[in-house]
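*Asks:*
In the working numbering, the protein residues as written are 84 to 439.
#1: Hey, which unbroken runs of the beta strand (DSSP E) at 3 residues or more fall wholly within the segment 192-236?
#2: Indicate whether residue 223 and residue 411 have their beta-carbon atoms separated by less than 7 angstroms.
#3: Taking the alpha-carbon of residue 200 as reference, which of 348, 402, 437 has the nearest alpha-carbon?
#4: I believe residue 419 touches residue 105 by the beta-carbon criterion, under 8 angstroms. Please report the beta-carbon distance rounded to the nearest angstrom.
#5: Should residue 123 be labelled buried (16 or more other beta-carbon atoms within 10 Å of its own) or exposed?
#6: Taking the beta carbon of residue 356 as the centre, do at least 16 other beta carbons fall within 10 Å, making it buried, or is it exposed?
#7: Taking just the CA atoms, how far does residue 369 sit from residue 343?
#8: Is the beta carbon of residue 374 closer than 7 angstroms to that of residue 192?
#9: Who are the near neighbours of residue 500 in its chain, counting only those whose CB is closer than 7 angstroms to its CB and skipping five residues on each side?
#10: Specify, as a first and last residue, the run of the beta strand (DSSP E) that residue 142 falls within.
#11: For residue 256, count neighbouring C-beta atoms within 10 Å of its own C-beta (all shown protein chains included) and say buried if the count is 16 or more, exposed if not.
#12: Is residue 293 closer than 7 angstroms to residue 405 when the C-beta atoms are compared?
#13: Anyone know if the C-beta pair for residue 129 and residue 388 falls short of 7 angstroms?
#14: What residue ranges within the segment 316-390 form continuous alpha helix (DSSP H) runs of no fewer than 4 residues, ordered along the chain?
#15: Going along the chain, which residues of its own chain have a beta-carbon closer than 8 angstroms to the beta-carbon of residue 176, five neighbours each way excluded?
#16: Compute the Euclidean distance between the alpha carbons of residue 286 and residue 110, then round it to the nearest angstrom.
#17: On a CA-only basis, which of 300, 140, 194, 89 is nearest residue 362? Give me that one, please.
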């Protein structure tokens, strides 16, 4: 196996026209957020508006990691408080019958080490995941194109979206039988409604990993979560079916996820700038670097929703310099996410925080 590629600032290849795309992203986020605020009275996130679960837990950094994995935050074994948010990806809070991919945002408290400028001195490390191996577009231009489609349909024709989702899920089921599921169908509403606690989640885009570069993932570790892998949820008769399914498991058992790292070992085959390219696990497998432990708890309630959904921001740019976000999509997020959080804060009258 090749040695991991050393991190160096020139590993990123920015372009001169990114600023114009970033401005269009901010304008599109404004349209989505103001539309939901006008129609439901609350300014939701421009993406990942609806939460399925709001969890508190502990992250345990593994002991005795090899030197190439004992990097940055993961260099020293320890336990840290953790806040997590599982969500639907659209920018308006749709009923679960409109089935799309899910997000999993982590916020690690009181992390040691030099912080990124965006932290404003708050010792927190955020990592963002979704349950697809790659981002839905290779770069910010593609991200903008997809976001504009979402903006056109935000808070409109929810019944038609649910009908379309049922149709697309049937098509996806047929494709899956032939081992050819479609990421496009999933993104349009044909996502197979599996139980999120049994899903695998991916960072999709890379971060600095101390001296190296890596993508991250989350996989179910405890039996309470692993037995849910592939289990379907009936989403057509309850607008919050996923939230209820998670609450049942979390109230009784809780569970654990493994946090794993995949090191970049070939800059050509594992590009930093193209977010739509999957990094080969044959070339560079994932290795566990930490465990996320969630004790039994009420995984969603109105008070927690106000605290986390309305008054807390998640961003990959909240973190340590040792885990600096990398690539075109990450630079776009840096331009768009603070704008989105600030607009929500003003419209909702709730000061935005980095820690709950």
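For every residue, glycine included, the Cβ atom is placed at its ideal position computed from N, Cα and C. Note that this is a predicted model, so its numbers are computed, not measured.
*Replies:* A quick look at the data gives this:
#1: 207-213
#2: yes
#3: 402
#4: 7 angstroms
#5: exposed
#6: buried
#7: 6 angstroms
#8: no
#9: With the chain represented from 84 up to 439, any question about residue 500 goes unanswered, as that position is not in the structure.
#10: 134-144
#11: exposed
#12: yes
#13: no
#14: 324-335
#15: 119, 123, 127, 132, 133
#16: 25 angstroms
#17: 300
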